[in-house]
Each structure stands twice: as structure tokens, then as C-alpha cells.
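K.L.:
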Amino acid sequence: MSYSDKAHAHPGHDEHDDHHHGPAPGLMRWVTTTNHKDIGTLYLWFALIMFFIGGAMALIIRLELGSPGLQFVDPMFFNSMTTMHAIVMIFGVIMPAFVGLANWMIPMMIGAPDMALPRLNNWSFWIMPFAFTIMLSTLFMDSGGPAGGWTLYPPLVLQMGDSFAFVIFAIHFMGISSVMGSINIVATIFNMRPPGMTMMKMPMFVWTWLITAYLLIATIPVFAGAVTMLLTDRFFGTSFFSAAGGGDPVMFQHIFWFFGHPEVYILILPAFGIVSSIIPTFARKPLFGYDSMVYATASIAFLSFIVWAHHMFTTGMPLAGELFFMFSTMMISVPTGVKVFNWVATMWRGSMTFETPMLFAVGFVIMFTIGGLSGLMLAITPADIQYHDTYFVVAHFHYVLVPGAIYSLMAATYYWIPKWTGNMYDETLGKWHFWISTIFVNVLFFPMHFVGLAGMPRRIPDYNNIFADWNFIATIGAFGFGFSQLLFVYIILKCIKGGKEATSEVWEGARGLEWTVASPAPYHTFEVAPAITDTTITR
Amino acid sequence: MSDTQLHSLKRHGVVAGKSLLLAFAMFGFGYLMVPIYDIICEVTGLNGKTGRVSVAEANAVQATDRLVTVEFVASVNAGGSWIFRPQVQEMQVRPGELNHATYYAENLSNNTVVGQATPSVTPQSASIYFNKTECFCFTRQVFEPKGSKDMPLTFIIDPDLPINVDRVTLSYTFFKSPDQAT
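In order, the protein sequence lines correspond to chains A and B. Numbers given in my numbering equal positions in the first sequence, counted from 1, plus 2. Numbers given in my numbering equal positions in the second sequence, counted from 1, plus 1494.
(1) I want to know whether the segment 492 to 499 of chain A touches the segment 82 to 96 of chain A - three or more CB-CB distances under 8 Å.
(2) In chain B, what lies closer than 7 Å to residue 320(A) by C-beta?
(3) To which residues of the same chain is residue 242(A) closer than 6 Å at the C-beta, ignoring the five residues directly before and after it?
(4) For residue 1545(B), would you say it is in contact with chain A, using Cβ-to-Cβ distances shorter than 8 Å as the test?
(5) So who's on the other strand from residue 129(A), going by DSSP bridges?
(6) Sort out for me which residues DSSP pairs residue 1578(B) with in a bridge.
(7) Which residues in chain A have a C-beta closer than 9 Å to the C-beta of residue 1594(B)? List them in chain order.
(8) Assign residue 427(A) to one of two classes, buried (16 or more other C-beta atoms within 10 Å of its C-beta) or exposed (fewer than that).
(9) Under 8 Å between C-beta atoms, does residue 1569(B) make it to chain A?
(10) I'd like to check one pair, residue 1612(B) with residue 1629(B): are the Cβ atoms closer than 8 Å?
(11) Hey, residue 1587(B) and residue 1651(B) are a contact pair by Cβ (cut 8 Å); roughly how many whole angstroms apart?
(12) Quick one: does residue 1499(B) have its CB under 8 Å from some CB of chain A?
(13) Can you tell me where the beta strand (DSSP E) holding residue 1643(B) begins and where it ends?
(14) Determine, using beta-carbon pairs with one atom in the segment 346 to 354 of chain A and one in the segment 322 to 337 of chain A, whether at least three such pairs fall under 8 Å.
(15) Going along chain B, which residues have a C-beta under 8 Å from residue 193(A)?
(16) I want to verify the contact list: residues of chain B whose CB lies under 7 Å from the CB of residue 119(A), in sequence order.
(17) Looking only at its own chain, which residues have a Cβ that is under 7 Å from the Cβ of residue 541(A), when we skip the five neighbours before and after it?
(18) Can you tell me which of the three DSSP states residue 119(A) falls into?
(19) List the residues of chain A that residue 1517(B) touches, going by C-beta distances under 7 Å, in chain order.
(20) Could you tell me whether the Cβ atoms of residue 440(A) and residue 365(A) are closer together than 8 Å?
(21) Taking the beta strand (DSSP E) that residue 1664(B) falls in, what are its first and last residues?
(22) Do the segment 420 to 437 of chain A and the segment 379 to 388 of chain A make contact, defined as three or more Cβ pairs closer than 8 Å?
(23) Anyone know if the C-beta pair for residue 180(A) and residue 222(A) falls short of 8 Å?
(24) Indicate the three-state DSSP secondary structure (helix, strand or coil) for residue 1635(B) in the structure shown.
(25) Under 8 Å, Cβ to Cβ, is there at least one residue of chain B near residue 18(A)?
(26) Listing by chain order, which chain A residues have their CB less than 8 Å from the CB of residue 1460(B)?
(27) When DSSP labels each residue in this structure, what does residue 503(A) get in the three-state scheme?
(28) Any beta carbon from chain B within less than 8 Å of residue 252(A)'s own beta carbon?
(29) Grab me the residues of residue 513(A)'s own chain with a C-beta within less than 8 Å of its C-beta, minus the 5 sequence neighbours each way, in chain order.
(30) Within 10 angstroms of the Cβ of residue 297(A), are there 16 or more other Cβ atoms? Answer buried if so, exposed if not.
(31) Can you name the residues of chain B whose CB is closer than 7 Å to the CB of residue 163(A)?
(32) Can you tell me where the beta strand (DSSP E) holding residue 1626(B) begins and where it ends?
(33) Only counting runs of 4 or more residues, tell me where the alpha helix (DSSP H) segments fall wholly within the segment 379 to 457 of chain A, in order along the chain.
(34) Determine the direct distance from the alpha carbon of residue 157(A) to that of residue 1619(B), and round the result to whole angstroms.
(35) Return helix, strand or coil for residue 534(A), following the three-state DSSP convention.
(36) In its own chain, which residues sit with a C-beta less than 7 Å from the C-beta of residue 472(A), not counting the 5 before and 5 after it?
Below, the structure written as C-alpha cells:
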């Protein structure tokens, strides 16, 4: 990347401390690096590559669903595509991309020289490529990849062949990586802030990541426990989930979703932080209701622990349980609503301009809210019995994850890439990327609401002819959206190679410590703690 | 290493140590959810788990005049080659009275196999009032190749059974036991 060249060319340093100021030469730099910017870059590239692998799987799914009947792939492979698509997109794209952004931006946002535990940082990244090599290699094994859905419900998942052991092993690795990354982020935020950077002056992205890190530390181990139980049930004769041995398959769902629901917020809270950074910049107003944003984030995190059984309304719960989980779920819409209204209030009467990051951020607010509203519909227990396991659910969580989490990642990339590379990206192409993506993402996911309400089940490769038209439209949207992401890669590569030189501030009036350092950011920043003044904090 | 560096390393160690402790505690909590789940199921009758009482306890209960219909259902888990059915489809019982029923099972395979039945009662609200003194589901059942047997069941319905329940379904699923070492 170009910042390394400039760091090398930096004059005025004595010979003896040169190695402190630039990256090691050659490829080994990326293997041995402990620099937060290098590791952030590695995470982001990893996520981008996995995005195309997971995307290719999604296109196989949509290709098969383009018309009724079985035409391209056999049902078993179809099922492993739906399973793998989810695992890759959740654990291989959204989570590593957020960790990459955290690595790049958190030290620069709070004015720290690096992450607190740099070697741990290197380790937590380099586990990921191995974990995913193991996970993806199951697709080439005799017994095939996991095909029981990413939720790994027994007894179905226990009928998988011996490659199941590889799946569990890979999940353990991903979990270890996430927990280590989170510990690092928590230690950085607590210990590395310079004097004056109090908790309530931290940028929202730092706040949301602090809370996300706690969610990860608290829930990933529960998931690790659940998959370990699956492993011992499958290979070592225990009966945690086998009714024949006195266990209960429904118990797996409780343990899984105790992890799984906070996981949903792990995938969206950093996105809230990104959007809370971008909207004030392009509305040229400070974030409206900073304190309420912090409290709302914390409330969402707390509530996420007591709503898990809303994924299980059809398993036969007592009425009291159904009511509890219905109301606690609906309660989440209160802090989420606070956030949405705060973003709107930030834009209200602002001097708004619509550069690409802002387009993605505004797109996020609108389309995430669509996904949030269908979530409220799903929270209604009696209605959920109709919606459960239909394409309505698929439409819901794709609206919050694709034009939600993924859009926030694209917004973040456009917003910070001038800081990373020192060059402005191609604004015209960026706007094209936004509009093409936004049109196709809606063509792709909106029809799924209709077929879902009409009763089309998810995770099935074939369907009734009555669903044919909407599925064909969704498939067109899928290919349009998928291929338009090649434009994203082109814009990134073009920006790395060159472009209009970026100023330190990059965006007119942008606030925050990351905009006080040069563009591209030098290899080491804030080796001397910066002074925290009213103009260098975001609120 | 300078003093300040050592100091900050110590502070990072404290935060990392506490976080790691939380992670391990939550791993343990995942396993703790297993007994917690069992207790909740037992107390609330969730999943139709039935109770077990001794004969002496059952005899101490005063029989009532009320009549409740008990239906018997049998199913075989996928992959098992058995015949499995109740000897009577349903019976009228008085809460507080000890009752006997029998299920018939036959091994269709040419191997010795061990079977295990698991019970479930619907409606769920009735399950905590449905108690058994003796049941073939309490133990694993060993079958000779092509062997068959009648398996007894003795149960008592608690007189406190909610008044709106007049029909209780007892369902057994017959599994090939995971523990085949006989």
C-alpha cells in the first residue's frame, strides 16, 4: 500500500531507529506484522475475498431458485450452499470486516499509537485464513460440507458425515479469533486513551465496538460449548441432544440462540457506529443525542440476552414464555428507534451533501429500518407461526444484513479509504456503485417478502409454480447485485493505485482525531499522545 | 523495558485476564444451561416430561370420582426397525387411582438391539400431574433377534389435574439406544 512508500521516504530520521518507522520489506511483513494498520488491512482484504466466495454461493442458490424444479445442482449441494453461504458471510465477511475497521480506526480515533496487545492481534488475524480453509475444504470431502443450516440444529446436523468434525474445529478457531480480537479491543479502549479522552467523548464507532466486544466475549464461548456438545454427541457417545439417551434437541436451540441473538447485534452495532460517524460529517452537524446513542446501544446489548426464544416460537413453548419473548423482543425497537430518530435529527436542517459514503449511510438508515419493521412483524408470536421458516424471514434478515451491515461496510470503506491510501476514490464510479447496488438489492430481496407471506419455505431447492415469477425477479436482482460488486473492487484498486490526492481532513469539516493525521496515515500515528480539545472530538 | 511500558503491560494484562475469565465463565455457563434446562422442564412440565413417584406415595392418594380419558400413542424413531404399539388405544381412569397399561414391541432385525422409549404428555399443562410408579421407559430394553415383549407401565394421575383437562395423551417414541453395548 502506498503509505509504506511515503513512510520510507520520510526524511529526518536517524539510521538507528529506522525500523521503528516503516514496515518490514517483502511478503514476510504481512505475516509477522504487529502494526494495527497492517492487521486492519489484512482483515479487510480477507473479508473482501470471502465476500466474493460467499457471494458466489448465493448466486448458486439463486440460480437454482430462478425457476421451479431441480435444474442445476442436487438438493444436498444446494443445502450445503445455503449453510456455507451463511457461515461465510457471518463469520468470514461481516465480523472480520468490522474487526479490520476496529483495528484501523479505533487507535486513530482515540489517539493511541497501536492496539494494546499487538502480538495477540497478529495471531487473531492469522487464525482466520486457516479456519476458513478447513471450513471450505469440507465441500471437497466425501461426506460434503455442512448442509443442515448454519444454525446446526440436531438431530439433522448429526447425520452429517465425518467432515462434521472439521466444521466444528473451524468454528472453534473462528471463535478463538473473535474472542482474542475482542479482548484486544477492550484493552485498547480502556487503557490506551490519552488524557482528556473520557469515555463520553469517544467517537460512537468506538463505543459501539466496546459493547460489541463484550457481546462477543460473553456469547462466543456459549456457542463454542454448544458445538462441543454436538461434537461429543456425534463422536463420543454423549446424549446432550439425543432424546434416546435422555437429552433434548430443543435444548440445543435454546443454547444456540442464547448465543445467536446477541450475535445478530454483533453484526449490526459496529454498523450503527459507522453510520453515526458518517452522517454528522456530511450533514455538517454534530451527532444529535450522543448520550442517548450510547445508552441506546447499551440497552440493545442488554436486551439481546433476553429475547432468544423468539427464534423458537413454533417449538411449543408455554404461553407465558411466548408472551415474555414477544414483549421483550418488541422492547428492542425502542432503543433502535432512538437511534434511527437521532440519525434523522442529525440530518435535519443540516447542510447535507451526498458523497458516496453519505449515500450508503442514508441507504442504510432507510433499508435497515425496512428490515427492522419486518422484524417487528416476526416478533408477534401468533403471526410468526405463519412466517416461521418462510422467505419472509429470509427477506427480513437480508434487509438488515445486506443493505444494513454490508452497506455500512461499504460506507466505511468510501469514508476512510482516502485516509488509508492517501488518494480520493473515483466519486462518479462510487455513486454508480451505490445506485446500481441499491436498485438490485431491492429487486433481489423485496419480492422475498411476497413469496414468504404466500408460504414459500426457506432452505428448499424446489418450490410450487405459484412462486415462480417473484423468484425469477429475485434471481435477476441477485446477479445484478453480485456483479455490481466487481465495480466496488475496481474502485478500491483504482484508489490504491492513484487518484486525486487527499488532504488530511479529507471531508470538509470532518471531526475526529483520525482526520488530524496525514493522508495516507503514517505507519505509526500518535506516538505522542495528542491534545484532546473540543475540535478534535466528534461530539 | 521502561517503567511506563511495564506499567501499561500490567494494565493490559489485568483487562485481558478479566476478559478471558469472563470468556471461560461463559463457556461453563453454556454447559450449565443443560442442568438448568432439565430443572425448568421438570418444574414446569415443559416438553411434556412426566413425573415419577413410588408405589407407597401413589397408594396414599385418595381416588376421586372424576373420569379422565388417557390416550396412548406410539411412534418409532427414524432408522429403527421395530413394531411398537400400545395394547389399548385409550382408557378411562380416575385421578388418584393406580392404572396399568402395556405396550408391545417387536424387534424386526436379525441382531440383538437395545431400545429406549422416551415419553411425552400433552397437553403440557397436564404433564406435571402425570406420574408413573413403573415404566418400561425407566430402563433400556434388550431384544433378541426377532424377539418381542409386552412392556408394562403403571401410572397415576394427580387429583389436582386442572379441571379443564379431560383428555391426556401419553406418547412414546421408541429409539435405538445409543448405548448398544450389551
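Note that the Cβ used here is the ideal one computed from N, Cα and C, for glycine as well.
P.N.:
Let me spell this out:
(1) no
(2) 1538, 1540 and 1618
(3) Contacts found: 231, 235 and 249.
(4) no
(5) The partner list for residue 129(A) (beta bridge, DSSP) is empty, contrary to what the question assumes.
(6) DSSP output for residue 1578(B) lists 1599(B) as bridge partner(s).
(7) Going along chain A, no residue has its Cβ under 9 Å from residue 1594(B), so there is no contact; the nearest lies around 25 Å.
(8) Its Cβ being crowded by 16 or more others within 10 Å, residue 427(A) is buried.
(9) no
(10) no
(11) 6 Å
(12) Output row for residue 1499(B): interface = no.
(13) 1642 to 1651
(14) Flag = no, the segment 346 to 354 of chain A and the segment 322 to 337 of chain A do not touch.
(15) 1502, 1505, 1506 and 1509
(16) What residue 119(A) touches in chain B: 1506 and 1510.
(17) 203, 288, 289 and 292
(18) If DSSP states are grouped into helix, strand and coil, residue 119(A) belongs with coil.
(19) 181, 219 and 223
(20) yes
(21) 1661 to 1670
(22) no
(23) yes
(24) strand
(25) Because residue 18(A) sits at a pLDDT of 45, beneath the cut-off of 50, its placement in the model cannot be relied upon, and the point is left open.
(26) Nothing about residue 1460(B) can be read from this structure; chain B reaches only from 1495 to 1676.
(27) strand
(28) yes
(29) 282, 283, 288, 537, 538, 539 and 540
(30) exposed
(31) The contacting residues do not exist; residue 163(A) stays about 16 Å from chain B at best.
(32) 1624 to 1629
(33) 383 to 389, 393 to 402, 409 to 423 and 429 to 455
(34) 26 Å
(35) coil
(36) 449, 452 and 453
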